[in-house]
Structures are given as C-alpha cells and as structure tokens.
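Written below as structure tokens is the structure these notes are about.
2 protein chains.
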Amino acid sequence: MFGLVLGIDPGVSRCGYGAVRREGAQLEAVGAGVIRTPGSDTLPNRLASLEEELGRVVSELGPDALAVERVLFQANTRTAMSVGQASGLALAVAARAGIPVTHYSPNEVKLAVVGYGGAEKHQVQTMVARLLGLHEVPRPPDAADALALAICHAWRLDATPDEPDAPGTAPRLSAAIQTALAKEGR
Amino acid sequence: MFGLVLGIDPGVSRCGYGAVRREGAQLEAVGAGVIRTPGSDTLPNRLASLEEELGRVVSELGPDALAVERVLFQANTRTAMSVGQASGLALAVAARAGIPVTHYSPNEVKLAVVGYGGAEKHQVQTMVARLLGLHEVPRPPDAADALALAICHAWRLDATPDEPDAPGTAPRLSAAIQTALAKEGR
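Sequence lines, in order, name chains V and R. For the record, in the first sequence the residue sitting at position 81 is 81 according to our numbering, with numbers rising by one throughout. For the record, in the second sequence the residue sitting at position 85 is 1085 according to our numbering, with numbers rising by one throughout.
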C-alpha cells in the first residue's frame, strides 16, 4: 500500500510533475503539470525559480514518496547538464520535506507502464491515460511522463513483500491493465 | 574594481569554495574551504545539506560576485551527474542572494592564473598561493581550485573597459605575477 506518489521529470526549461494515489483497485491522478522557466532569464534565476516552484508543488500535494527520472548522460551535454541541475534541486527539495526518493530509468518506466522496455513515447502516454482512467492523454507530454514515473513507483510500492505476487510487479500490473481495458469496453 | 569574489568548484562529495578581494595591488584570500557530504547519507540528504552549507558560506562571506566552474561532460557520467547537481544548487543559492554568477572552464582558469591553458593542476595551485601572498598552497586542493576560479574572475572584473590595458587581462596578470614573485625574492 502507498499514499500519494509524485513523479518528477526533471528539466530547466520544462520540469514535469504528476501525482497518483490508489482508489480501491484503480490508480487516480491527483495533479499534474509542468513548471516552466523562461529562457530569457539567467540560468541561476531559472534554477532558483524552479526550486521554489518544486517546493510549492511538494508542499501543496504532500506526497509520501517521490519518483524521479534517473538521468542518463548519453544525450547532448547541454541537455544533460540542465537535467542534472534540475534533478539536484528536486532531490534537495524532497530531502528538506523528508520525502524518500526513488530513481527510475526511462526503460524501467516503460517496462512498468507498457510492459515493454522499448515502448514508444506515445504508447507510454496512452497507457498512462488508461491506467489512470482518463479520457485523454495528459498534456503537455512532460506531465504525462511524470505521471508514468509516479505509476511506476506506485506499482513498486504496492508489491509489498507479504503479498502473494510480490516481489514482481507484473501480475498486479497485468491485472490493472486488464481492468483499465475492460472499463473502456474492449 | 571589484569587491569580494567567491569561487566555487562544485561537487557533491567535496565542494570547494574560496573568496578573494583586492588590497591595493595585491589579491588577498578572505576565506576558503571545502563542504563535504558523507557518502553514507542518501543523495537527496547530501544535496540538501550542501545547499544549506553553500547558503551559509554565501551569507557569511557576503560576496559581490560568484565564479563557478563550467561543467564539461567529458568525464565519467557518475562524476558529471554529481557536478551538475551541485552546480545547480550553487546557482540557485546565488540567485536567491541576488549575486551575479560567471562560469569559467578549467582551461580559462589555468590561462588566467598560470598564463597557460594547458597548465598542470599543481602549477595552478602554486600560482594561487603566490598571487595571494600565501606561504603554502591552500589545502585541500578543492579550496585551491575554488580560489583559482575567484582569482580568474577578479582579473576579469578588474579589467574594466575604461582602463588602459583592457579588455585583455594579461598585462595586469603579468604585473601581478611579477609582484608576487618579487615578494618571494626571486
């Protein structure tokens, strides 16, 4: 069991966040959005503003756990730098609020949400909408990505060691996917 | 002219800082040290602790400008990630205190302090001691590196456009190096 999980997809220009909680057998989106900082401002100001906004989101949503995308530095260095800086701020905010943080790689998130580590971005986003019982894919994409992180961690937390299908999350995940699809009448 | 310049060599395990100001024709070290965070603690806690300590250093030293090492991601990704996260915190702290930040690459610092972009680390540290009129190389090395950043920015600030040898910093630097060496009786 878990309370509220807040996913964070770190970035300086756009930092996605999305919170989910469990309602019976269903996951529910509690809030999601994107924190943007203007490219016209200085980098230090943007980072200070991002940290303040992250603090506000955490304070308003009151999550029990944070799931933050693990930064992998294969991309171009400028992007990687921004993501590293943004993630550092998110982790510091979490620590100050006493909230535990877990990291997930993009592949782990895809595996948890779609059941396939090589899934396309749009497949993840479609599945996020289904799992959360939403009629549309959450926009912008950064918010959907953050919700996917939160879902990934929610499954992990939900698979507590004293439950039959632990430690794997697949059985519960499959069940949830089935439930979500059934609701849609498929 | 400039007031106090604080150099920061960002890192999570060890974050060097060092402040310099001008006393007549001589640069003077005002304070330097290293903020360490224990590897036994969680990364979020370490980052929160680093940010708090950086805030304390800035508040106690009251710098007019910050010089932060520009992060280049050619090294191993784990180190690069840590440096990115630490630098993000330093920039946010600076912005909150309303202090302008300038970035310098390691090569720019070497060029400013030793006059040669390919200088060895120990040459930079020896020159830092000379330029600041210190009898020994500042320890640990992270503190010396941070002082080198501060010296680099101090020269840049000192070369104001209305002075004869601006915009280059080399003439003033050469003069200072001569002065430093003369003091040592060489």
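Backbone N, C-alpha and C define an ideal beta-carbon position, used for all residues, glycine too. Please read these numbers as outputs of a predicted model, since none were measured by experiment.
Interface residues of chain V facing residue i [CB-CB closer than 7 Å]
| i | result |
| --- | --- |
| VAL1071 of chain R | MET81 |
| LEU1047 of chain R | GLY88, LEU91, ALA92 and ALA95 |
Status (buried if at least 16 other CB within 10 Å, exposed otherwise) for residue i
| i | result |
| --- | --- |
| PRO164 of chain V | Only weak support exists for where PRO164 of chain V lies, its pLDDT of 45 falling under 50; the value from the coordinates is given anyway. Per the 10 Å Cβ criterion, exposed. |
| GLY7 of chain V | buried |
| LYS121 of chain V | exposed |
| ASP41 of chain V | exposed |
| GLY84 of chain V | buried |
| PRO38 of chain V | exposed |
| PRO1100 of chain R | exposed |
| SER49 of chain V | buried |
| SER59 of chain V | exposed |
| GLY98 of chain V | exposed |
| GLY3 of chain V | exposed |
| PRO10 of chain V | buried |
| GLY1117 of chain R | exposed |
| GLU1023 of chain R | exposed |
Proximal residues of chain R, C-beta to C-beta of residue i below 7 Å
| i | result |
| --- | --- |
| LEU87 of chain V | One point to set straight first is that residue 87 of chain V is Ser, not Leu, in the sequence displayed. The answer, in chain order, is GLN1085. |
Beta carbon of residue i nearer than 8 Å to that of residue j
| i | j | result |
| --- | --- | --- |
| ALA1065 of chain R | HIS1153 of chain R | yes |
| GLU69 of chain V | LEU149 of chain V | yes |
| ALA1019 of chain R | LEU1061 of chain R | yes |
| ALA32 of chain V | PRO138 of chain V | yes |
| ALA1112 of chain R | VAL1128 of chain R | no |
| LEU188 of chain V | VAL5 of chain V | Since the displayed chain V opens at 1 and closes at 186, residue 188 of chain V lies outside it and no answer follows. |
| PRO1044 of chain R | ALA86 of chain V | no |
| VAL1034 of chain R | ARG1021 of chain R | no |
| GLY1088 of chain R | LEU89 of chain V | yes |
Chain R contact residues for residue i, given Cβ-Cβ distances below 9 Å
| i | result |
| --- | --- |
| VAL101 of chain V | THR1042, LEU1043 and PRO1044 |
- Quick one: any contact between the segment 1011 to 1024 of chain R and the segment 1051 to 1070 of chain R, if contact means 3 or more CB pairs under 8 Å? Cβ pair count under 8 Å is three or more, so yes.
- Counting pairs of beta carbons, one from the segment 99 to 109 of chain V and one from the segment 1104 to 1111 of chain R, are three or more of them closer than 8 Å? no
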